[in-house]
Amino acid sequence: MTRRNHRIAVLVLEGAKPLDVGIPAQVFTNRASMPYEVRVCGAAPGLVTGGDGLSYHVADGLEALSWADTVFVPGYRHPDREEPPAAVVEALRAAHARGARLAAISTGAFALAATGLLDGRRATTHWHYAHALAARHPLVRVDEDVLFVDEGSVLTSAGAASGIDLCLHLVRRDHGVALSNHVARRLVAAPYRSGGQAQYVPRSVPEPLGELFSATREWALGRLEEPLTLADLARHAKVSTRTFSRRFVEDTGTTPMQWILRARVDLARELLEASELSVEQIADQVGLGTGANLRLHFHRILGTSPIEYRHTFVRPASAA
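To convert, note that position 207 of the sequence shown is 207 in UniProt numbering; the numbers rise steadily by one, no gaps.
So, in C-alpha cells, the structure goes:
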C-alpha cells in the first residue's frame, strides 16, 4: 500500500525570522525524492510582516494546522514582549491534541510555551532569550546549553543553524539515517550534530580552526574502519593533540573520540538499513571490531540493539 507523504505546516508569525522560516520549508521540501508535503501558513491567509525587512504572503491560515502531521513554529522578533494571538495558541493546542507533532526553531519556543504544552518538560531556545523564556514560563525546564530538545511530540531548538539539526533529526526519526544523510548532502550541512551539543561558547575562541577541523572530520569519515586515534586526527589537522582536543570540544561540544564513536554508530545505522551485512561484518566495516562492541555502543547511544533497529527501519519491499 502506498503511504501518503508526511504533512508539514510552517506557521509564520508576525516578526518571523526569514532563515527560520526557510529551514523547514527547504529541508522537508516538496520534491519527488522526499516523503513530505510542506505548506507555509499564518494566523490568517495574506500578508505577514516578518523580521529583517522581509514580509511573507501565505496562502493558508490556521486551518493548515488541522491538516498537518508536524507543525513548525519558526523564530520571531521580540517574543518576550507579548504572547502570540489567542487563536494561534488554541490552534497549536488543538493540533497537538489531535496527534500532530509540534516543533519550534529559536524563539518559536515562546509560542509553544504559551500553549502550556512545555510545562514540566525540557526545552531550549536561542541562548539570548533563554532567561526570558524561563522567566515568562517558569514551569518550563529551560536548557540553554543544547542545540535541540526532543520531548517526543514537542521539540524545540536553539538558533537558526540548530533548526537544521532539529529538522535532520526528525528526518532520521521518521525515515532513518540514509535519507537524513541525503538531505544533509543536499544542504551541504553537517549530517549529524547531537541535540546535547553546546549551542554557545561564552568566551572568545582565538584563531578559529573551523575549516581545518572540517577537513579533518571529512578525512576521518572516510576512514572510520581504521583504528583512528586522537594523535592521528591532530596530525592531520597539523596541531598538537592538546590543542586539537581543546578546540574540537569548543567547536562541537563533544570530544574528538566521542564524535568518532557517534560517526561509527551512524554509519552502522546506515548499513543496517541499506545492506544485508551481518552485525559482525558491519562492526568490522565501521571500525568497532566485534559485534559485541557494536551492540554495546549501539545500546548506549540509541537505547536499542542493531537487530531491533534493522527490524524497525527496514521495510519489506512490498511495503515500499
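Even for Gly, the Cβ is constructed at its ideal location relative to N, Cα and C.
As the structure is a computational prediction, the values presented were derived from the model and not from experiment.
The C-alpha of Leu19 lies about 24 Å from the C-alpha of Val177. DSSP places Asp165 in the uninterrupted alpha helix (DSSP H) bounded by Ala160 to His175. Put simply, of Arg4, Leu168, Ala109 and Phe213 the residue whose alpha carbon is nearest the alpha carbon of Ala32 is Arg4.
One alpha carbon belongs to Gly291, the other to Pro227, and they sit about 16 Å apart.
Within a 10 Å sphere around the beta-carbon of Asn30 sit fewer than 16 other beta-carbons, which makes this residue exposed. DSSP places Phe28 outside both helix and strand once states are collapsed to three, so it counts as coil. Linking Val40 to Ala100 through their CA atoms gives a straight-line distance of about 16 Å. Leaving aside the five residues that flank Leu139 on each side, the residues in its chain whose CB is nearer than 7 Å to its CB run, in chain order, Asp119 and Gly120.
Here the alpha carbon of Leu221 sits roughly 32 Å from the alpha carbon of Arg122.
Ranking Ala114, Asp145, Ala283 and Leu117 by CA distance to the CA of Thr125 puts Asp145 first. If you look at Val265, you'll find it isn't in any beta strand (DSSP E); it sits in the alpha helix (DSSP H) that goes Pro256 to Ala274. Take Leu179, set aside five residues on each side of it, and the residues of its chain with a beta-carbon closer than 6 Å to its own are Val171, in chain order. If you draw a straight line from the Cα of Arg7 to the Cα of Asp69, it is about 5 Å long. When DSSP reads this structure, Thr70 sits in a beta bridge with Ile8 and Arg101.
Among the bridge pairs identified by DSSP, Gly42 is matched with Val12. Under a 10 Å Cβ-count criterion, Val239 is classified as buried, with 16 or more other Cβ atoms of the shown protein chains found around its own Cβ. Look at Arg121 here: in three-state DSSP terms it is coil, with no helix or strand label. Contact between Val71 and Ala95 holds: CB atoms are separated by about 5 Å, below the 8 Å threshold. If the five residues before and after Arg77 are omitted, its C-beta is found closer than 6 Å to the C-beta atoms of Gly15 and Gly51, all from its own chain and listed in chain order.
DSSP places Thr252 in the uninterrupted alpha helix (DSSP H) bounded by Thr241 to Thr252. The residue among Ser275, Gly61 and Leu224 with its C-alpha nearest the C-alpha of Ala44 is Gly61. Around Arg141, the same chain offers Arg122 as residues with beta carbons nearer than 6 Å, after the five sequence neighbours per side are excluded. Separation of the CB atoms of Gly287 and Glu225 is rounded to 5 Å, and the pair is thereby assigned contact status at 8 Å. Residue pairing of Glu37 in beta bridges, as defined by DSSP: Arg7. Residue environment: Leu271 is assigned as buried (16 or more neighbouring CB atoms within 10 Å of its CB, all protein chains considered).
The straight-line gap separating the alpha-carbon atoms of Ala215 and Leu233 is approximately 10 Å. Per DSSP, the continuous beta strand (DSSP E) segment holding Leu155 begins and ends at Val154 to Ser157.
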